[in-house]
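In the working numbering, the protein residues as written are -3 to 162.
For glycine and all other residues, C-beta sits at the position ideal for the given N, C-alpha and C.
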Ligand SMILES: [Zn+2]
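Written out as structure tokens, the structure is:
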């Protein structure tokens, strides 16, 4: 059962207007920023250390903090998860997905940028990822989240990847 975030009265499924206090609650997607770090026709994947989808290959990224732009979130998450500075390249796409958190299925708006590492050596945050690898852009495996499968199978990614390769 959902409860009104303002007065605590029970409400139905979102969107809902609280019958007790009039508060209107919506189920809006939460934006994320994610990097597809490319090198020589491959992209960097990290193995998720925690649920949801622990053990699956993932792209570095995460939720925006307050009013943070998704591009800034992508750069920050790369720094926090990998210990490196990245420079964003072309915007690679955005897809609506879902994220299971605290017993709820939240809608998310996943925003992806191609990126290259411009500083630092990769040092994973063990709370986030147990290992990393470079996977082929032309034949990516199934990833942790379907939005990643969508963006990695976008044919323009291969073109971007080869342009950014060095
Ligand atoms: Zn209320």
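For residue 11, no beta strand (DSSP E) encloses it, and the DSSP letter there is neither H nor E. Residue 43: member of the beta strand (DSSP E) spanning 38 to 44, first to last residue. Ranked by how close their Cα comes to the Cα of residue 94, the residues 23, 81 and 74 have 23 in first place. Of the residues 130, 153, 149 and 150, the one whose Cα lies closest to the Cα of residue 53 is 130.
Distance from the CA atom of residue 83 to the CA atom of residue 73, rounded to whole angstroms, is 12 Å. Closest by C-alpha distance to residue 21, out of 30, 32 and 6, is 6.
By the 16-neighbour rule on beta-carbons within 10 angstroms, residue 40 is buried. Each of 59, 16 and 148 was checked against the Cα of residue 2, and the nearest Cα belongs to 16. Contact check for residue 106 against residue 28 passes: the beta carbons are separated by less than 8 Å.
Put simply, the backbone Cα of residue 11 is about 18 Å away from that of residue 96. Rounded to whole angstroms, the Cβ separation of residue 120 and residue 77 is 7 Å, and the two are in contact under 8 Å. In this structure, the straight-line span from the alpha carbon of residue 14 to that of residue 81 is close to 45 Å. Taking the Cβ of residue 2 as the reference point, at least one heavy atom of ligand 1 falls within a distance shorter than 7 Å. Between residue 66 and residue 136, the alpha-carbon positions lie close to 24 Å from each other.
For residue 27, the enclosing beta strand (DSSP E) covers residues 26 to 35.
DSSP, read as helix, strand or coil, puts residue 139 in coil. For residue 76, the enclosing alpha helix (DSSP H) covers residues 66 to 78.
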